[in-house]
Every structure is written in structure tokens, then in C-alpha cells.
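K.L.:
Numbering (full-length UniProt numbering), first residue to last: 184 to 402.
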Amino acid sequence: TRPSPLAGQSVLITAGPTHEPIDPVRFIGNRSSGRMGFAIAAAAANVGARVCLISGPSRLPTPAGVERVDVETAEQMYQAVLDRAPQAAVFIAAAAVADYRVEARAMHKIKRDNQPDQLSLVPNPDILKAVAGLTDGPLTVGFAAETDDVLDNAHDKLTAKGIDMIAANAVGEGKGFEVADNALTVLWPGGHRELGHKAKTQLAAELIDLVGERFHAAD
Ligand code: PMT
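#1: So, are the CB atoms of residue 284 and residue 356 less than 7 Å apart?
#2: Would DSSP call residue 323 helix, strand or coil?
#3: Which residues mark the beginning and the end of the beta strand (DSSP E) in which residue 330 is found?
#4: Could you give the C-beta distance for residue 201 and residue 239, rounded to a whole number, given that I count them as a contact under 8 Å?
#5: Expressed to the nearest angstrom, what Euclidean distance is found between the alpha-carbon atoms of residue 280 and residue 350?
#6: Terminal residues of the continuous alpha helix (DSSP H) containing residue 356?
#7: Rounded to whole angstroms, what is the Cα-Cα separation between residue 289 and residue 253?
#8: Buried or exposed: where does residue 369 fall if 16 or more other Cβ atoms within 10 Å of its Cβ makes it buried?
#9: List the residues that DSSP assigns as beta-bridge partners of residue 249.
#10: What would DSSP say about residue 131, mapped onto helix, strand or coil?
#11: Near residue 360, which residues of its chain fall below 8 Å by C-beta distance, leaving aside the five closest residues on each side in sequence?
#12: Along the chain, where does the beta strand (DSSP E) that runs through residue 368 open and close?
#13: Counting C-beta neighbours from all protein chains within 10 Å, is the total for residue 345 16 or more, i.e. buried, or is it exposed?
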């Protein structure tokens, strides 16, 4: 087999959920396990890339040969990514980042008789969009997690975020989040490829091959 165009290149990947604290013991989170992003990190390391994995809270073991940075919140993930993105050749955003955080988190555990009936939320920064906006930044690959009109919504995100590629997955009960398999369709301006439904480890290897091809084409 030919060497991958990503061999020796620096690949930055986000994975997992973010946790947005309400107080020291409670948070707003989501069902992402990190499986998809960790599988992509392993696949990128397998083709010889230098991989940095920025992970939200996940119990998964760090893939061999991968540098891992653990974060909790979207703002921490933003900082960890933006510190490294200018030096990266490729950025792949597989994390399920919370779009909002609690405006004023409580510094002490909120007591039962003191609980607010409403939480005030403020928007989090869009990590992927910020990386796509860098001058001479990396090739950007996003994910779109959609319950309806998967390809149309993914196409809108590709354009709105100004990214190079997007991997669309249908999510819902037993689909996308948490489970060991997934189905991906990858879109880029002027093309698409159906990767089908298979194990996340296999999808990750095929996605890395495709990203390598696009990286080579853009070179
Ligand atoms: O972790 P698993 O259990 O294996 O599940 C995998 C997955 C379903 C989480 C994964 O395949 C996936 O789809 N990840 C992206 C989930 C998501 O939040 O998608 P989105 O459509 O809301 O966001 C679009 C893109 O923008 C994503 O690449 C996301 O990482 C990025 N984003 C979103 C918001 C934000 N503030 N910053 C971002 O970078």
C-alpha cells in the first residue's frame, strides 16, 4: 500500500461531549461517548499522522501513539483547540459541543429549597467555525449530527461554517451516539461519498483515507 498523504502530518481531533456546569455537582451534557472521535484518532495514528486528541469527559482509553488533552467545557475545548490549530495540517471535529452554557454557574451546590425554576443560558463559541476562519489554517472536517433531513442540513453546515468537508450521521434512539457502529455520508464542495453503515473503527479508517485524498488534492 502507498503511504498516506497524512503520514508525518499533524492532525488535531476533538471527541466526546462537553459538560457545562450548573453548580459543582451538576452539569448539562449529551450522550456522546467519544467512540467516533477516538476511533478517528487511532486511524490517523495508524497511517503515521502526529495526532493530538482534545477530549471532553470520556472513559475511553487513549489510542496508542496519540497525545490526549482532557477538557470539560466547550470554552476549555475552544482554548485547547485554538492554541494548537494554527500548527495543524488537518482538524477533525467529532465532538458534540454544547451550543450553550449556564450564564452564571453556582459556586456551591444548589440546595433543594433554593433551586431556580429557570436556567439562563448563553451561547458557546463555535470551535469549528473559528478554526475554518484562520488564515493558512488546517483542512477542516466537521460532523453533522441530525435527526431529520440529514444531507440537506449537513450541506447547510458545510456552507455556513465555511469548512472543507463534513461527515453527516443520522442520530436518534440507538443511532450515532454511544453505540459501536454508525453510518456516514461525507460531503465537500463539488462531491460526496457514501461510507455506509459499519463499525466506527472501520468508518474511521475510511474517513481518514478520504481526508488524506482531499488533503493531497488541496496540496
Ligand atoms: O461520541 P460517540 O458516542 O461515538 O457519538 C459520535 C457523534 C454522534 C457525537 C459524532 O459522530 C458526531 O456527529 N459529532 C458531532 C456532533 C455535533 O454536535 O454535531 P453538530 O451538528 O451539533 O455540530 C456541527 C459541527 O460543529 C461538529 O463538527 C461539532 O464538533 C462542531 N461544533 C459545534 C458547536 C460548537 N460550539 N463548536 C463546534 O466545533
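The beta-carbon is built from N, C-alpha and C at its ideal position, and this holds for glycine as well.
The model shown is predicted, which means the values in this text are computed figures rather than measured ones.
P.N.:
To lay it out plainly:
#1: On the sequence shown, residue 284 is found 101 positions in, with the first residue counted as 1. On the sequence shown, residue 356 is found 173 positions in, with the first residue counted as 1. At the C-beta level, residue 284 and residue 356 stay beyond 7 Å of one another.
#2: Along the sequence shown, one-based indexing puts residue 323 at 140. Residue 323: strand per DSSP, three-state reduction.
#3: Numbered from its first residue, the sequence shown carries residue 330 at position 147. Careful: residue 330 lies outside any beta strand (DSSP E) and carries neither H nor E.
#4: For the purposes of this step, residue 201 is taken as the residue at position 18 of the sequence shown. For the purposes of this step, residue 239 is taken as the residue at position 56 of the sequence shown. Between residue 239 and residue 201 the Cβ distance is about 5 Å, and since that is below 8 Å, they are a contact.
#5: In the sequence shown, counting from the first residue as 1, residue 280 sits at position 97. In the sequence shown, counting from the first residue as 1, residue 350 sits at position 167. Each residue's Cα considered, the two are about 16 Å apart.
#6: Within the sequence shown, the letter at position 173 stands for residue 356. For residue 356, there is no enclosing alpha helix (DSSP H), as DSSP marks it with neither H nor E.
#7: Here the question's residue 289 lines up with position 106 in the sequence shown. Here the question's residue 253 lines up with position 70 in the sequence shown. One C-alpha to the other measures close to 23 Å.
#8: Residue 369 sits at position 186 when you count from the first residue of the sequence shown. So residue 369 ends up on the buried side.
#9: Taking the sequence shown and counting its residues from 1, one reaches residue 249 at position 66. In the DSSP assignment, the residues bridged to residue 249 are 234.
#10: Coverage of the chain is limited to positions 184 through 402, which leaves residue 131 absent and any answer about it impossible.
#11: Here residue 360 is taken as the residue at index 177 of the sequence shown, counted from 1. The residues are 213, 214, 215, 216, 279, 328 and 354.
#12: Position 185 of the sequence shown holds residue 368. Counting along the chain, residue 368 sits inside the beta strand (DSSP E) bounded by residues 364 to 371.
#13: As a first step, residue 345 must be located in the sequence shown, where it is residue number 162. By the Cβ neighbour-count rule, residue 345 is exposed, with fewer than 16 other Cβ atoms within 10 Å of its own.
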